[in-house]
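Student: First the structure, which I've put down as structure tokens, then a few questions once you've had a look.
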Amino acid sequence: LAASKKEESCTHQAAVVAAVQQARLDRVKEREVPATVQAQATWPEDFNTAIPLVTPWVYEMKMRDVKKSDLSAAWKEMCLAQ
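With this note's numbering, letter number 80 in the sequence shown gets 104, and the count goes up by one each step, no holes.
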């Protein structure tokens, strides 16, 4: 049961990362990301706390890396490995 809870948590975190990545691709200003991402959230509300943690990570990357990388898959893999 613990493994499935962890997997569920990592899946929601990965969804947050994907939404922040999409905001970056849509050229949303970094300071507007929390409101933009929360407006279209598909995850439980308590995962919104991850938005300010993930946003700088995504926004510090070069745009070409953001375009070609599956950041949510990378995040989920890191999350599950912990």
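C-beta: ideal position from N, C-alpha, C; glycine also.
So, for residue 64: in the same chain, excluding its five sequence neighbours on each side, which residues have a beta-carbon less than 7 Å away from its beta-carbon?
Tutor: Excluding positions up to five away in sequence, the list reads 43.
Student: Put residue 70 into one of helix, strand or coil per three-state DSSP.
Tutor: Helix, per DSSP.
Student: Check the C-beta distance from residue 96 over to residue 45 and give it rounded, since I have them as a contact under 8 Å.
Tutor: Yes, they are in contact, since the Cβ atoms of residue 96 and residue 45 sit about 7 Å apart, within 8 Å.
Student: Count Cβ pairs between the segment 45-61 and the segment 86-94 that sit closer than 8 Å; are there 3 or more?
Tutor: Yes, they touch.
Student: What is the DSSP secondary structure of residue 84, reduced to helix, strand or coil?
Tutor: Coil at residue 84, not helix or strand.
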